[in-house]
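Chemist: Just so it is clear: in the sequence shown, position 129 is 130 by this note's numbering, and no numbers are missing.
Structure below; questions to follow.
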Amino acid sequence: MRTLACCIVLTALAVNFKAARGEDRIEMSFYSLKSEKLLLYRGKRTVKREGGRVTEQTTYTTPAGKPIQKTVVVYLDSDLSPVLYRLDDLRSGEQEILRREKDGYFMSYREKRGDKPDQDTEKSRPGSLISSAVVTRIQREWKKLMEGKKIPFPLLVPSRQESVSFRVGLDRKKTAASKSRTVIRMDPDTWIIRLLVSTLYFYFESKPPHRLLEYQGRVSIKSEDGDDQDLLITYQYLEEHR
Numbered sequence: 002m003r004t005l006a007c008c009i010v011l012t013a014l015a016v017n018f019k020a021a022r023g024e025d026r027i028e029m030s031f032y033s034l035k036s037e038k039l040l041l042y043r044g045k046r047t048v049k050r051e052g053g054r055v056t057e058q059t060t061y062t063t064p065a066g067k068p069i070q071k072t073v074v075v076y077l078d079s080d081l082s083p084v085l086y087r088l089d090d091l092r093s094g095e096q097e098i099l100r101r102e103k104d105g106y107f108m109s110y111r112e113k114r115g116d117k118p119d120q121d122t123e124k125s126r127p128g129s130l131i132s133s134a135v136v137t138r139i140q141r142e143w144k145k146l147m148e149g150k151k152i153p154f155p156l157l158v159p160s161r162q163e164s165v166s167f168r169v170g171l172d173r174k175k176t177a178a179s180k181s182r183t184v185i186r187m188d189p190d191t192w193i194i195r196l197l198v199s200t201l202y203f204y205f206e207s208k209p210p211h212r213l214l215e216y217q218g219r220v221s222i223k224s225e226d227g228d229d230q231d232l233l234i235t236y237q238y239l240e241e242h243r
């Protein structure tokens with residue numbers, strides 16, 4: 002079973018909610034942490050907001066354009082609570098599913114094509130998020146974070162069929178070094194999980210609307226050998242459609 006690679010499909014996070022309805026397009030570039038010149042993957046996402054729901058559809062490809070992974074995410078705009086999440090790795094057949102039910106969440110994980118999936122349910126906890134909503138939660142808590150407060154929340158992790166406690170807070174040292182960017186760090190609340198996942202860093206515009214510009218940390222895309230990866234992601238926001 003995967004550790005927490007899905008926890009940051011923080012490949013899936015970069016939206017600013019300016020209207021009740023609309024569509025955004027975002028392009029992502031994935032680089033090795035050792036060299037920003039080594040492009041490993043690309044991502045294209047559409048984000049639609051309608052009827053109080055946010056729907057994200059993303060396709061990840063090789064630099065040459067071959068699709069390798071697809072995700073679909075739906076969550077409520079009001080409290081960011083998940084409705085649906087699905088990840089399909091087109092190479093290995095790996096699959097993650099989360100579905101909101103009456104009293105909580107159904108979660109399923111299959112490591113590779115042909116495997117029987119592991120399945121379980123998790124009771125709903127206040128403030129539970131799927132990774133796609135983490136950036137929006139940060140943006141909505143911006144004032145508190147700038148005051149030095151830390152924001153905790155349960156992160157639903159389909160590959161583990163459970164939620165894991167995380168917290169986000171301002172990284173003053175990196176922010177001071179970044180000048181026009183504000184850096185938010187995200188850490189697991191428990192030392193055991195910290196052994197599995199290193200600190201995740203989000204580089205935001207310091208000025209409103211505080212768009213996410215760069216991310217460094219665990220991603221959902223595995224290497225060709227099937228290993229979890231920590232990568233650098235940059236985001237480009239294309240013309241918005243209203």
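For each residue, glycine too, the CB sits at the ideal point set by N, CA and C.
Confirm, please, whether the CB-CB distance from Tyr236 to Pro159 is below 8 Å.
Modeler: Taking the sequence shown and counting its residues from 1, the one referred to as residue 159 is at position 158. Taking the sequence shown and counting its residues from 1, the one referred to as residue 236 is at position 235. Cβ distance not < 8 Å, so Pro159 and Tyr236 don't count as in contact.
Chemist: Check whether the region 114-125 and the region 186-195 are in contact - that is, three or more C-beta pairs closer than 8 Å.
Modeler: Output reads no: the region 186-195 does not touch the region 114-125.
Chemist: Classify Ser164: buried if its beta carbon has 16 or more other beta carbons within 10 angstroms, exposed otherwise.
Modeler: Counted from its first residue, the sequence shown places residue 164 at position 163. Answer is buried; the Cβ neighbour count reaches 16.
Chemist: Whole angstroms is fine: what's the gap from Pro83's alpha carbon to Glu24's?
Modeler: Taking the sequence shown and counting its residues from 1, the one referred to as residue 83 is at position 82. Taking the sequence shown and counting its residues from 1, the one referred to as residue 24 is at position 23. Cα-Cα distance, rounded: 19 Å.
Chemist: Looking at the strands, I want to know which residues DSSP matches up with Asp231.
Modeler: Counted from its first residue, the sequence shown places residue 231 at position 230. The partner list for Asp231 (beta bridge, DSSP) reads Arg219.
Chemist: How about the region 221-236 and the region 48-58: do they share at least three Cβ pairs that are nearer than 8 Å?
Modeler: Touching, no.
Chemist: Please classify Leu201: does DSSP put it in a helix, a strand, or coil?
Modeler: To locate residue 201, count along the sequence shown from 1; it is residue 200. Strand at Leu201.
Chemist: Identify the continuous alpha helix (DSSP H) that holds Leu146 and give its terminal residues.
Modeler: Start at 1 with the first residue of the sequence shown, and residue 146 comes out as number 145. Per DSSP, Leu146 belongs to the alpha helix (DSSP H) from 143-147.
Chemist: Report yes if the C-beta distance between Asp89 and Gln70 is below 8 Å; otherwise report no.
Modeler: As a position in the sequence shown, residue 89 is number 88, starting the count at 1. As a position in the sequence shown, residue 70 is number 69, starting the count at 1. Going by C-beta atoms, Asp89 is nearer than 8 Å to Gln70.
Chemist: Mind checking Leu239: buried by the 16 CB within 10 Å criterion, or exposed?
Modeler: Position 238 of the sequence shown holds residue 239. Exposed, by the Cβ-count rule.
Chemist: Contact between the region 135-153 and the region 217-231 is defined here as three or more beta-carbon pairs at a separation below 8 Å; is this criterion met?
Modeler: No contact exists between the region 135-153 and the region 217-231.
Chemist: Just the Cα atoms here: how many angstroms apart are Lys67 and Ile193?
Modeler: Looking up residue 67 in the sequence shown gives position 66. Looking up residue 193 in the sequence shown gives position 192. Taking the straight line joining both Cα atoms gives about 36 Å.
Chemist: So the alpha helix (DSSP H) Ser133 belongs to, where does it begin and stop?
Modeler: The residue you call residue 133 lines up with position 132 of the sequence shown. Counting along the chain, Ser133 falls outside any alpha helix (DSSP H), and DSSP gives it neither H nor E.
Chemist: From what residue to what residue does the beta strand (DSSP E) around Ser179 run?
Modeler: Reading the sequence shown from its first residue, position 178 is the one you call residue 179. Unbroken run through Ser179 is the alpha helix (DSSP H), 173-179; no beta strand (DSSP E).
Chemist: In whole angstroms, what separates the C-alpha of Tyr202 from that of Glu102?
Modeler: For this step, residue 202 is matched to residue 201 along the sequence shown. For this step, residue 102 is matched to residue 101 along the sequence shown. Cα-Cα distance, rounded: 32 Å.
Chemist: Taking the straight line between their C-alpha atoms, what separation do you get for Val169 and Asp104?
Modeler: Residue mapping note: residue 169 aligns to position 168 of the sequence shown, counting from 1. Residue mapping note: residue 104 aligns to position 103 of the sequence shown, counting from 1. Taking the straight line from one Cα to the other gives about 27 Å.
Chemist: For Thr26, which three-state DSSP category applies?
Modeler: Residue numbering aside, residue 26 sits at position 25 when the sequence shown is read from its first letter. Going by the sequence as given, residue 26 is Arg instead of Thr. In this structure, Arg26 counts as strand in the three-state DSSP scheme.
Chemist: Candidates Leu171, Ala134, Lys174, Asp172: which alpha carbon is nearest Leu156's?
Modeler: Within the sequence shown, numbered from 1, the residue matching residue 156 stands at position 155. Checking every option, the nearest Cα to that of Leu156 belongs to Ala134.
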